[in-house]
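Top to bottom, those sequences are chains A and B.
Read in order, the letters of the first sequence correspond to residues 7 to 361 in the numbering used here.
Read in order, the letters of the second sequence correspond to residues 7 to 361 in the numbering used here.
Virtual Cβ for every residue (Gly too), placed ideally from N, Cα, C.
Working notes for the structure below.
Protein chains: 2
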Amino acid sequence: MDEAGQGDMAEQEAIPVRAARIQDVAKLAEVSTATVSRALATPERVSPEARARVLEAIAKTGYVPNPAARSLRSQKTFMVLVVLPDLSNTFFSKILRGIEETLFEAGYGMIISDLDGSPEKEAHFAAFTAAGRVDGAILLNGHLFGQTREGEGQPARITIPLVALCEAIPGADIPQIEIDNRAAASRMIQHLVALGHRRIAYVSGPANNILERERFLGFKEGLEAAGLPFDPALVIPGDYTIESGVAAGQGLVARTVRPTAVFCTSDEMAIGLMRTLFSAGLRVPEDISVAGFDDIEFAAVAEPSLTTIHQPRRELGQAAATVLIDLLQGRPTLKQIRLETELVIRDSVKPPRQS
Amino acid sequence: MDEAGQGDMAEQEAIPVRAARIQDVAKLAEVSTATVSRALATPERVSPEARARVLEAIAKTGYVPNPAARSLRSQKTFMVLVVLPDLSNTFFSKILRGIEETLFEAGYGMIISDLDGSPEKEAHFAAFTAAGRVDGAILLNGHLFGQTREGEGQPARITIPLVALCEAIPGADIPQIEIDNRAAASRMIQHLVALGHRRIAYVSGPANNILERERFLGFKEGLEAAGLPFDPALVIPGDYTIESGVAAGQGLVARTVRPTAVFCTSDEMAIGLMRTLFSAGLRVPEDISVAGFDDIEFAAVAEPSLTTIHQPRRELGQAAATVLIDLLQGRPTLKQIRLETELVIRDSVKPPRQS
DNA sequence: TGGCCCTATGTAATCGATTACATGCAGCTT
DNA sequence: AAGCTGCATGTAATCGATTACATAGGGCCA
Numbered sequence: 007m008d009e010a011g012q013g014d015m016a017e018q019e020a021i022p023v024r025a026a027r028i029q030d031v032a033k034l035a036e037v038s039t040a041t042v043s044r045a046l047a048t049p050e051r052v053s054p055e056a057r058a059r060v061l062e063a064i065a066k067t068g069y070v071p072n073p074a075a076r077s078l079r080s081q082k083t084f085m086v087l088v089v090l091p092d093l094s095n096t097f098f099s100k101i102l103r104g105i106e107e108t109l110f111e112a113g114y115g116m117i118i119s120d121l122d123g124s125p126e127k128e129a130h131f132a133a134f135t136a137a138g139r140v141d142g143a144i145l146l147n148g149h150l151f152g153q154t155r156e157g158e159g160q161p162a163r164i165t166i167p168l169v170a171l172c173e174a175i176p177g178a179d180i181p182q183i184e185i186d187n188r189a190a191a192s193r194m195i196q197h198l199v200a201l202g203h204r205r206i207a208y209v210s211g212p213a214n215n216i217l218e219r220e221r222f223l224g225f226k227e228g229l230e231a232a233g234l235p236f237d238p239a240l241v242i243p244g245d246y247t248i249e250s251g252v253a254a255g256q257g258l259v260a261r262t263v264r265p266t267a268v269f270c271t272s273d274e275m276a277i278g279l280m281r282t283l284f285s286a287g288l289r290v291p292e293d294i295s296v297a298g299f300d301d302i303e304f305a306a307v308a309e310p311s312l313t314t315i316h317q318p319r320r321e322l323g324q325a326a327a328t329v330l331i332d333l334l335q336g337r338p339t340l341k342q343i344r345l346e347t348e349l350v351i352r353d354s355v356k357p358p359r360q361s
Numbered sequence: 007m008d009e010a011g012q013g014d015m016a017e018q019e020a021i022p023v024r025a026a027r028i029q030d031v032a033k034l035a036e037v038s039t040a041t042v043s044r045a046l047a048t049p050e051r052v053s054p055e056a057r058a059r060v061l062e063a064i065a066k067t068g069y070v071p072n073p074a075a076r077s078l079r080s081q082k083t084f085m086v087l088v089v090l091p092d093l094s095n096t097f098f099s100k101i102l103r104g105i106e107e108t109l110f111e112a113g114y115g116m117i118i119s120d121l122d123g124s125p126e127k128e129a130h131f132a133a134f135t136a137a138g139r140v141d142g143a144i145l146l147n148g149h150l151f152g153q154t155r156e157g158e159g160q161p162a163r164i165t166i167p168l169v170a171l172c173e174a175i176p177g178a179d180i181p182q183i184e185i186d187n188r189a190a191a192s193r194m195i196q197h198l199v200a201l202g203h204r205r206i207a208y209v210s211g212p213a214n215n216i217l218e219r220e221r222f223l224g225f226k227e228g229l230e231a232a233g234l235p236f237d238p239a240l241v242i243p244g245d246y247t248i249e250s251g252v253a254a255g256q257g258l259v260a261r262t263v264r265p266t267a268v269f270c271t272s273d274e275m276a277i278g279l280m281r282t283l284f285s286a287g288l289r290v291p292e293d294i295s296v297a298g299f300d301d302i303e304f305a306a307v308a309e310p311s312l313t314t315i316h317q318p319r320r321e322l323g324q325a326a327a328t329v330l331i332d333l334l335q336g337r338p339t340l341k342q343i344r345l346e347t348e349l350v351i352r353d354s355v356k357p358p359r360q361s
């Protein structure tokens with residue numbers, strides 16, 4: 007190692023104290039390594055005196071078990087992989103926090119994999135997982151991995167417990183933790199309809215996305231329930247990002263006949279869309295109502311504040327982590343958990359001007 | 007394991023294929039395990055024929071080296087710990103992405119630790135680090151860990167390479183990657199002054215936070231440069247969150263003599279503050295100008311769009327990861343890297359009404 | 001042709017824990 | 001008293017890679 011980063015350090019101890027091993031503890035406590043190991047893993051199987059001596063020796067040496075050795079032998083890593091499509095997306099951060107919290111309490115660490123739409127990364131993490139670097143994984147990306155190139159050369163079958171979070175994975179027989187996207191979307195449409203809206207536009211998520219499919223079904227269901235026709239011209243493509251919301255807004259502004267309300271399937275898009283409407287001189291909700299989905303932090307402080315569907319993000323993360331831990335520890339789990347969403351009524355939706 | 011999660015799986019192969027070991031590959035390729043290992047680690051030290059046979063065998067068996075075994079022997083984990091104070095904070099997510107990207111390319115995995123203000127978590131991760139579970143760490147939380155209880159029982163000294171990101175760590179002799187917070191804050195004040203503002207309020211970050219200290223110094227520096235007096239009454243406490251911005255706004259609304267401009271040291275606070283001003287019937291920037299700091303995604307689409315300081319978040323993450331990797335691989339590194347910020351002028355700041 | 005060096009490869013020690021199996025001893029039953 | 005049970009503990013195999021050291025063989029030079 008070059009000295010560049012350490013040129014003038016002074017108060018550091020000169021002797022690089024080798025980390026204490028179980029051997030050192032055993033010697034100090036005058037027992038065998040087996041007893042030390044048992045004192046930690048199964049205290050009830052060790053006499054109180056021996057246990058006390060071991061604990062004292064551990065405190066004295068600052069012993070921390072070497073995880074590599076432990077996991078090599080026991081085939082457990084106490085690590086969980088969280089796979090998500092885009093780490094920089096606001097929507098995920100609170101979910102992650104819920105996951106991290108719960109994992110931490112159970113003694114598990116969290117490794118994050120941001121797929122970023124890259125198949126190579128996906129393949130890498132599939133191998134990573136297959137290699138036994140983690141005990142289980144939480145998938146937020148809507149599909150299993152390692153599913154791509156089957157052909158020759160066994161594609162490293164994933165055998166560890168998996169849990170799907172938010173985006174249900176169709177063919178997979180793994181626990182799913184999610185919200186009822188369809189019902190939530192339908193609920194929002196019914197709310198808009200109840201206020202008198204008849205021409206309701208829909209800003210979609212990315213094509214083929216399972217959330218998108220569900221929300222779109224909910225959208226149509228809501229229309230149907232209200233006896234309104236479905237008009238494909240009122241479906242505007244988006245991909246959940248702010249930018250796509252901005253773009254959707256531009257398309258809307260350019261129209262001669264506009265919808266009276268727009269249901270955006272993410273808050274980011276709703277906020278981006280409102281921005282564009284403002285720039286064009288349109289007012290929300292006076293000229294056009296805008297609804298979102300997710301209830302991210304900024305929804306409440308947007309101007310106007312955003313009517314949206316609240317997703318219990320932290321709880322979703324906690325639930326997924328809990329299920330995975332149950333799975334890892336051999337406890338029975340539910341195959342599907344659906345958390346409740348909530349329609350949050352704020353200022354971006356009002357009855358249309360002339361109904 | 008209970009069957010709850012796996013009741014009716016069908017197409018799964020019945021034989022739980024034990025993952026291939028280096029032995030299996032060696033046998034198939036008709037070489038020794040040493041040759042297999044070398045074919046992967048130092049291909050140039052293996053004959054082309056042997057290498058080809060090994061690679062073929064690897065492909066055929068789907069062999070992936072067992073990381074626990076590897077790291078037990080080589081004392082390397084190819085894992086990096088990222089310590090941050092709040093995972094659910096928007097500001098960090100893009101930084102994380104920059105880190106993850108760079109680590110991934112270099113073959114490192116990322117473990118995340120959300121300290122959440124909990125000393126226990128901090129102690130835990132200090133032990134975690136000391137135990138050799140990671141090769142290095144990136145600290146976003148502004149202080150070293152394991153620094154707490156020195157006393158008896160050696161407190162598991164951290165000896166692995168560390169890098170401080172965003173929040174410089176005063177006494178520590180480790181590389182720092184950051185922006186020039188002071189200069190950036192000063193720059194913003196000068197911009198406000200140049201537009202004619204004389205009464206400029208400052209919404210602070212949490213007390214004792216190093217970013218806060220620097221930005222506050224910059225604020226005062228900016229005032230001084232303009233020959234304006236520093237008025238403690240114009241300093242409003244905050245903690246970078248939306249909520250604290252909302253609270254700061256309430257305080258402001260209640261005043262009889264208001265500043266003509268408010269410099270919030272985070273975009274979140276600026277957005278929360280604008281919200282409160284709107285609710286009270288004040289207009290931004292007509293009645294009062296508002297500036298932020300960070301340039302998060304929502305700054306551009308806020309209403310009005312937010313004048314702020316752009317931080318190259320992704321690049322910050324990349325730079326920190328790059329420095330850490332250099333450190334890990336024994337290359338020389340810089341001790342301090344300061345990335346450029348940029349004043350982004352948008353619509354939330356205008357000259358005061360009567361100057 | 002003998003000696004030397006270099007390359008390719010193999011053998012086996014090693015990393016640090018967990019844990020199957022063995023052992024010794026105390027207490028209880030018959 | 002013999003035999004059984006069960007607890008506390010120790011011994012040593014084991015997990016799967018990396019790598020120090022040993023060795024075989026080929027090429028080159030004198």
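Beta-bridge annotation (DSSP): His316(B) is paired with Asp300(B), Glu348(B). In the three-state reduction of the DSSP assignment, Glu36(B) falls in the coil class, being assigned neither a helical nor a strand state.
A Cβ-Cβ separation of about 15 Å leaves Glu274(B) out of contact with His316(B) under the 8 Å criterion.
If you check each beta-carbon in the region 302-315 of chain A against every beta-carbon of chain B, the ones closer than 7 Å belong to Glu303, Phe304, Val307, Glu309. Residue-level contact by beta carbon holds for Gly138(B) and chain A, with a gap shorter than 8 Å. In the three-state reduction of the DSSP assignment, Gln342(B) falls in the strand class.
For Ala232(A), the CB contacts under 8 Å within the same chain, skipping 5 residues up- and downstream, are Ile195, Gln196, Val199 in chain order. In the DSSP assignment, Gln182(A) falls within the unbroken beta strand (DSSP E) covering 182-185. When 8 Å is used as the limit between beta carbons, Phe284(A) is near these residues of chain B: Glu309, in chain order.
For the options Ala136(B), Glu62(B), Glu230(B), the alpha carbon positioned closest to that of Ala35(B) is the one of Glu62(B). Boundaries for Leu150(B): no alpha helix (DSSP H) harbours it, and the DSSP string shows neither H nor E there.
Ala75(B) belongs to the set of residues whose beta carbon lies under 8 Å from a beta carbon in chain A. Cβ contact annotation for Thr165(A) (same chain, cutoff 6 Å, sequence separation greater than five): none. Taking the C-beta atoms as reference points, Val268(A) is found no nearer than 8 Å to Val241(A). In the three-state DSSP reduction, Gly177(A) falls in the coil class, being neither helix nor strand.
Taking Arg319(A) as the centre and dropping the five residues before and after it, the same chain places the C-beta of Lys100, Ile101 closer than 6 Å to its C-beta, in chain order. Ranked by Cα distance from Asp237(A), the options Leu90(A), Val209(A), Arg289(A) are led by Val209(A). Annotation note: the region 188-249 of chain A contains the following uninterrupted alpha helix (DSSP H) runs of length 4 or greater, listed N- to C-terminal: 216-231.
With contacts defined as CB atoms closer than 8 Å, Thr266(B) and Arg205(B) qualify as a contacting pair. If you draw a 10 Å sphere on the C-beta of Gln324(B), you find 16 or more other C-beta atoms in it, and that means buried. DSSP lists no beta-bridge partner residue for Ala254(B). Proximity of Val70(A) to chain B, defined by a Cβ-Cβ separation below 8 Å, is satisfied. The beta-carbon distance between Gly278(A) and Ile248(A), rounded to whole angstroms, is 4 Å. This is short enough to meet the 8 Å contact definition. In the DSSP assignment, Gly336(B) falls outside any beta strand (DSSP E) and carries neither an H nor an E. Below 8 Å, too few C-beta pairs join the region 128-145 of chain A and the region 121-136 of chain B to call them touching: fewer than three.
Here Ala276(B) is buried. Its C-beta has 16 or more other C-beta atoms within 10 Å.
For Val60(A), the uninterrupted alpha helix (DSSP H) run begins and ends at 54-67, by DSSP. Rounded to the nearest angstrom, the gap between the Cα atoms of Ala286(B) and Gly148(B) is 36 Å. Interface residue (Cβ-Cβ distance to chain A less than 8 Å): Ser99(B) is classified as such.
Note on geometry: alpha-carbon atoms of Ala112(A) and Ala170(B) lie some 28 Å from one another.
If you draw a straight line from the Cα of Phe225(B) to the Cα of Glu218(B), it is about 10 Å long. At a cut-off of 8 Å between beta-carbon atoms, Met275(B) makes no contact with chain A.
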